[in-house]
Amino acid sequence: MLPKATSNPSPDWPENGDSLDPRDWDAARETAHKLLDACLDHLQNIRDRPWRPFPSEARQATALQQVVPPVGLETVAEAMIHEVLPYGSGNTHPTFFGWVQGTGTVAGLLAEMVSATMNSNCGGRNHGAVYVEREVIAWCRERFGFPATTSGLLVTGTSQATLIGLAVARQRALGSRIRQTGIRDSPRLSCYAVQGVHQATIKAIELLGLGSDSLRLIPRSPETLGMCPETLRATMRRDRADGCLPFCVVGTSGSVETGGHDPLDKLADICAEQDAWLHVDGAFGAWLRIAAEPFRSLVRGIERADSLAFDFHKWMSVPYDCGVALVRDGELHRDTFSSLSPYLRPGQQGLGAGSPWYCDYGIDLSRGFRALKVWATLKAYGIEQLADVVTRNCQWAALMGERVERSEWLRLITPVVSNVCCFTASADRFSAQSVDQVNESIAVHFQMHGGPIVSLTRLDSRYVLRAAIVNHRTTRADVLAAADAIEAYCESLQRLPSAESGR
Ligand SMILES: *Cc1c(COP(=O)(O)O)cnc(C)c1O
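Numbered per our numbering, the sequence shown spans residues 41 to 543.
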């Protein structure tokens, strides 16, 4: 027998219903204002706040013991200011080029404050936050040239948006019965993407039960750094002849490795001809759609995608986390994720109305109010300023490329086509064997001692340095200074007696 629930409150439960709200609102207000000032001070002085390792004192100070006596808001605020705020991941700094990571803005900070206050659950129902998200999705649909049938939602990021896009693609290929039967009796599906496709696509294919072996990697052209369409077509035909069902092509618009873009128009033609789904991973690169030429042309055809995944938290500087999944066939999208539970069925009126609900278009039921930080960003800065950031970042990458090409210490590895510059220490200056070490040492040196943050990546089996610029704070002077600093460091390495300096 189940124990009977009782309504008897514990005797020491205060009668006035003591909640988690402050008892002293004036004190809470003062704490909050102080904290907001600390946040704004941090952003105002961001040039002095590069990445720093999380020190052991801060680690100790942030440890949660098994039993924590409550310390109250003021102490928590102080701890956040001193033990947490200084130790970000560095991506807010103007000379952070290491990875494709957004920088954030004050508009985003303010919006986060409001959305935390509202604490809306955007899985569904009939309330303001949901309507703001609809505005954001409609804006995206128009901006990327998608028809009115297109559905979409804000998600954690392109990883989740890719999983959603590919799930809809799988359902189109195999029919809605797979929701009951799974894929065990299905034809062998095959999927296509450019060599160096982001891990997010591989993960989505794994999670969908297709197995990463079903992903065919198509080589990229060394000039455009995009997928070779002829090889794609030939591979799809061959797979079909071998009994596979080529169901989906993943176009990459903005490779994290090289900044390369697949020729989306050609991919869309091939998908139409092969009756395959075109999903585009445009995590950051999709935003070239709003950039000036020649960059904008790199995403020509993006409006022909069946599904498009991209992020607001990278190039649009919206605070983490926020990506978008757009699906051209909104009905199919809903059929893939819709729930049949009675407690999740929209009603006709009141708070339970507001159909369609976002929980019927994705993985999450409970969802935060991501739309507000996007809305605030678009409203506060306007599309032109955001577009200028994108264009300027591409120009900065080109500038860095030119600077590297002129350098006697460095060599460019791939052409700079958008916002990514891949380079290496020159093998003429360091012996070929030690170039890998020098590259690593450049990356780590500036991380540890301040200066331009570049990352180390593997490209065609070589370790190279990569600068990926999606940073509204970066100036031209930052880029030139970064190149100078890297050269000077190379020179200093060679002067060191212990350094590998064999010619
Ligand atoms: C960042 C990135 C992803 C993953 O997106 P998240 O927002 O981190 O989930 C996928 N593809 C590309 C090209 C990316 O740059």
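Cβ coordinates follow ideal geometry from the N, Cα and C atoms, glycine included.
Cβ pair residue i, residue j closer than 9 angstroms
i: L318; j: C288; result: yes
i: T198; j: A147; result: no
i: G205; j: G222; result: no
i: T431; j: L450; result: no
i: S191; j: L366; result: yes
i: L113; j: P62; result: yes
i: L426; j: S357; result: yes
i: P9; j: M276; result: Outside the displayed range of the chain (41 to 543) lies residue 9, so it cannot be described from this structure.
i: Q235; j: P259; result: yes
i: L384; j: W397; result: yes
i: W415; j: A151; result: yes
i: S458; j: G294; result: yes
i: R516; j: R329; result: no
i: D375; j: D346; result: no
i: S474; j: E448; result: no
i: V140; j: A483; result: no
i: M153; j: L76; result: yes
i: V111; j: A119; result: yes
i: T143; j: R513; result: yes
i: F486; j: I526; result: yes
i: A207; j: V290; result: no
i: N85; j: A393; result: no
i: N491; j: A522; result: The sequence given here has Gly at residue 491, not Asn. Closer than 9 angstroms, so yes.
i: V29; j: I177; result: Summary: the structure shown does not reach residue 29, with the chain confined to residues 41 through 543, and so no result is reported for it.
i: N511; j: F136; result: yes
i: Q211; j: G402; result: no
i: Q314; j: R278; result: no
Whole-angstrom C-beta distance between residue j and residue i, which should lie under 8 angstroms
i: A411; j: L194; result: 6 angstroms
i: V456; j: A438; result: 5 angstroms
i: S254; j: L229; result: 6 angstroms
i: K331; j: F350; result: Reading the sequence as shown, one finds Ala at residue 331 and not Lys. At roughly 14 angstroms, the Cβ-Cβ gap does not stay under 8 angstroms, so A331 and F350 are not in contact.
i: S406; j: N159; result: 11 angstroms between Cβ atoms; not a contact.
i: C231; j: I218; result: In fact, because the Cβ distance is near 16 angstroms, the residues do not count as touching under 8 angstroms.
i: R92; j: Y127; result: 6 angstroms
i: I493; j: G164; result: Rounded, the Cβ-Cβ distance is 41 angstroms, inconsistent with contact.
i: V320; j: L338; result: Between L338 and V320 the Cβ distance is about 12 angstroms, and since that is not below 8 angstroms, they are no contact.
i: P134; j: D518; result: 5 angstroms
i: K413; j: S155; result: 7 angstroms
Residue i burial status per 10 Å Cβ neighbour count (16 or more: buried)
i: T202; result: buried
i: P286; result: buried
i: G408; result: buried
i: H373; result: buried
i: L272; result: buried
i: E343; result: buried
i: S96; result: exposed
i: Y171; result: exposed
i: F324; result: buried
i: P334; result: exposed
i: H73; result: exposed
i: V124; result: exposed
i: V237; result: buried
i: R543; result: With a pLDDT of 37 at R543, under the threshold of 50, the modelled position of this residue cannot be trusted, and the question is left open.
i: R506; result: buried
i: E270; result: exposed
Residues that DSSP places opposite residue i in a beta bridge
i: D321; result: T292, A349
i: L366; result: G192, L348
i: M267; result: R260
i: R451; result: T464
i: S495; result: R506
i: Y171; result: Partner(s): none; Y171 has no beta bridge.
i: V562; result: Outside the modelled stretch of the chain, which goes from 41 to 543, sits residue 562, for which no answer is possible.
i: G286; result: Checking the sequence, you will find Pro at residue 286 rather than Gly. Bridge partners of P286: S230.
i: H133; result: Bridge partners of H133: none, in fact.
i: H301; result: S293
Can you list every residue whose CB sits closer than 5 angstroms to some heavy atom of ligand 1, going in chain order? For ligand 1, the residues with a Cβ under 5 angstroms from any of its heavy atoms are, in chain order, V140, G197, T198, S199, H238, A240, V296, D321, A323, D351, G363.
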